[in-house]
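Student: Below you'll find the structure I mean.
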Amino acid sequence: MVGISLLTLVPGELGGSETYVRELLSGLGRVGQHDYRVLLPPVAADAAGSLPSEVATEYRSARSVPQRLAAMSAATLRPGPLRARLAAARVVHYPLTLRIPALDKPTVTSLLDVQHLDLPGMFSRAERA
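Structure, rendered in structure tokens:
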């Protein structure tokens, strides 16, 4: 089974990254050749489309940046329950770059939003930090 961790998904806040995730899940639902299980945050309980999913109630509901940072910090400091939800996965995909929860098994991380590295002149110093 392929686990897909979307704990940092916040509907309406991630722009192209959210579009990528929703299209990925839609495509896997149509033509994927493996068993999938999507781990979702409470604020995006319906994001998995037709794929099997579960909502990680241990992950804090978070929409604002401070709330999101608190949720990610708490999940990083106490990853046990979240890890247990992905225990059956043979590999885990993190489509939104952040590996939450971090696991000791094969993983794939999508790297998004790196234009500031390739074209730094297009961004302010604060945006590049």
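Residue numbers (my numbering): 88 to 216.
Beta carbons: idealized from backbone N, C-alpha and C, even for Gly.
Determine which residues share a DSSP beta bridge with S140 and list them.
Tutor: Looking at the DSSP output, S140 bridges to V125.
Student: Below 8 Å on the Cβ atoms is my guess for Q95 versus L183; work out the distance and round it to an integer in Å.
Tutor: The residue you asked about is not Gln; residue 95 is Thr in the sequence shown. Indeed, because the Cβ distance is near 5 Å, the residues count as touching under 8 Å.
Student: Check this for me: beta carbons of P98 and A131, under 8 Å apart or not?
Tutor: yes
Student: Going by other Cβ atoms of all chains shown within 10 Å of its Cβ, with 16 needed for buried, is H121 buried or exposed?
Tutor: exposed
Student: List, from N- to C-terminal side, the alpha helix (DSSP H) runs of 4 residues or more that fit wholly inside the region 125-196.
Tutor: 152-164, 167-172
Student: Just list the residues that DSSP pairs R92 with in beta bridges.
Tutor: According to the sequence displayed, residue 92 carries Ser and not Arg. S92 is bridged to L126.
Student: For the region 194-213 against the region 172-186, are there 3 or more C-beta pairs whose distance is under 8 Å?
Tutor: The region 172-186 and the region 194-213 touch, with three or more beta-carbon pairs separated by less than 8 Å.
Student: Drop a sphere of 10 angstroms on the beta-carbon of L173, count the other beta-carbons inside from all chains shown, and report buried for 16 or more, exposed for fewer.
Tutor: Buried, since its Cβ has 16 or more Cβ neighbours within 10 Å.
Student: Expressed to the nearest angstrom, what Euclidean distance is found between the alpha-carbon atoms of R212 and V152?
Tutor: The C-alpha of V152 is placed about 20 Å away from the C-alpha of R212.
Student: So, is A157 buried or exposed, given that buried needs 16 or more other C-beta atoms within 10 angstroms?
Tutor: exposed
Student: Based on Cα-Cα distance, which residue from H180, H203, Q202, D200 lies nearest to K192?
Tutor: With distances taken between Cα atoms, K192 lies closest to H180.
Student: Quick one: Cα of L111 to Cα of S104, how far?
Tutor: 10 Å
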